[in-house]
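Per this note's numbering, the sequence shown runs over residues 39 to 190.
Each residue gets a CB set at the ideal place from its N, CA and C atoms; glycine is no exception.
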Amino acid sequence: MNYLYIALISMVPLIELRGAIPVSQGLGLPIIPSYIVCILANMVPVPFIYLFARKVLVWGCDKPVIGKFFTWCLDKGERGGKKLQEKVGRSTFVALLLFVGIPLPGTGAWTGTLAASILDMDFKSTTIAVMLGVLLAGVIMMVVSFLGFSLI
Numbered sequence: 039m040n041y042l043y044i045a046l047i048s049m050v051p052l053i054e055l056r057g058a059i060p061v062s063q064g065l066g067l068p069i070i071p072s073y074i075v076c077i078l079a080n081m082v083p084v085p086f087i088y089l090f091a092r093k094v095l096v097w098g099c100d101k102p103v104i105g106k107f108f109t110w111c112l113d114k115g116e117r118g119g120k121k122l123q124e125k126v127g128r129s130t131f132v133a134l135l136l137f138v139g140i141p142l143p144g145t146g147a148w149t150g151t152l153a154a155s156i157l158d159m160d161f162k163s164t165t166i167a168v169m170l171g172v173l174l175a176g177v178i179m180m181v182v183s184f185l186g187f188s189l190i
C-alpha cells in the first residue's frame with residue numbers, strides 16, 4: 039500500500055518524485071525499490087503530456103473563462119522555448135535533461151515535457167531526455183533523503 043502511495047505522489051505535477059522519495063524514507067521503505075517505483079510512476083504521465091498538452095492549450099485559447107489563461111500559457115511557453123533555443127542552440131536535449139534532473143520546484147518531468155512539446159522536440163528525444171533527467175533527480179533526492187533520514 040505504501041508503494042502505491044509513493045507512486046501516486048510521483049505522478050502529481052510539481053511534487054513528482056522530488057516529494058515521493060523523501061516520503062518513502064519517512065515511511066521507512068527500502069530506498070532502492072522506492073527509487074524504482076518513483077521513477078516508473080513519474081514517467082507515466084510523460085507521453086500524455088507530450089501528445090496532448092499543447093493540443094489542449096491550443097483548443098482552449100478561444101474558450102470563455104479559460105481562454106486568456108490558456109493563451110498566456112501557450113505564449114509564455116513559446117517565448118521561453120525560443121529563448122532557450124537561442125541560448126543552447128542544438129543542445130536542447132542536454133538542457134532539457136538538466137532542467138528535469140536538477141530537483142528544484144517547477145523543474146520536473148511535467149514542466150520539462152510541456153516545454154519540449156511547445157519547442158516541437160521530437161517524442162523520442164523528449165522521452166529520453168526527460169527519463170535521464172528523472173533518473174538524475176531521483177539519484178539526487180535518494181542521496182539527500184537517505185542522508186537526511188540517517189541523521190535523524
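**Asked** Should residue 110 go down as buried or exposed, given a rule of 16 or more other Cβ atoms within 10 Å for buried?
**Response** Locating residue 110 in the sequence shown gives position 72, where the first residue counts as 1. Exposed, because fewer than 16 other Cβ atoms sit within 10 Å of the Cβ of residue 110.
**Prompt:** Using the beta-carbon count (16 or more within 10 Å), is residue 190 buried or exposed?
**Reply:** Position 152 of the sequence shown, counted from the start, is the residue given in the question as residue 190. Taking all protein chains in view, the Cβ of residue 190 is surrounded by fewer than 16 other Cβ atoms within 10 Å, so the residue is classified as exposed.
**Asked** Rounded to the nearest angstrom, how far is the Cβ of residue 138 from that of residue 146, given a contact under 8 Å?
**Response** To locate residue 138, count along the sequence shown from 1; it is residue 100. To locate residue 146, count along the sequence shown from 1; it is residue 108. Rounded, the Cβ-Cβ distance is 6 Å, consistent with contact.
**Item:** Backbone secondary structure at residue 174 - three-state DSSP
**Value:** For the purposes of this step, residue 174 is identified with residue 136 of the sequence shown, where counting begins at 1. Residue state, collapsed to three classes: helix.
**Asked** Where does the unbroken alpha helix (DSSP H) through residue 151 begin, and where does it stop?
**Response** Taking the first residue of the sequence shown as 1, we reach residue 151 at position 113. From DSSP, the alpha helix (DSSP H) with residue 151 extends over 147-156.
**Prompt:** Does the stretch 75-82 come close enough to the stretch 172-186 to have 3 or more Cβ pairs within less than 8 Å?
**Reply:** Under the Cβ criterion (8 Å, minimum of three pairs), the stretch 75-82 counts as touching the stretch 172-186.
**Prompt:** Comparing alpha-carbon positions, which option in 117, 166, 105 and 112 lies nearest residue 134?
**Reply:** The residue given as residue 134 occupies position 96 in the sequence shown. With distances taken between Cα atoms, residue 134 lies closest to 166.
**Where residue 82 falls, given that 16 or more other Cβ within 10 Å makes a residue buried** = One-based indexing of the sequence shown puts residue 82 at position 44. It is exposed - the Cβ of residue 82 has fewer than 16 other Cβ atoms within 10 Å.
**Request:** Note the first and the last residue of the continuous alpha helix (DSSP H) segment covering residue 72.
**Result:** As a first step, residue 72 is located in the sequence shown; it is residue number 34 there, counting from the start. It spans 69-81 - the alpha helix (DSSP H) in which residue 72 sits, taken as one unbroken run.
**Spatial neighbours of residue 186 in its chain, beta-carbon cut-off 8 Å, leaving aside the 5 residues before and after** = Numbered from 1 along the sequence shown, position 148 holds the residue referred to as residue 186. Residues 60 and 63 of the same chain have their beta carbon placed closer than 8 Å to that of residue 186, with the five preceding and five following residues left out of the count.
**Request:** Would you tell me roughly how many angstroms separate the C-alpha atoms of residue 105 and residue 71, rounded to the nearest one?
**Result:** Along the sequence shown, read from residue 1 onward, the residue named residue 105 stands at position 67. Along the sequence shown, read from residue 1 onward, the residue named residue 71 stands at position 33. The straight-line gap from Cα to Cα measures roughly 43 Å.
**Prompt:** Helix, strand or coil: which one does DSSP assign to residue 111?
**Reply:** As a working note, residue 111 is residue 73 in the sequence shown. In the structure shown, residue 111 falls within a helical segment according to DSSP collapsed to helix, strand and coil.
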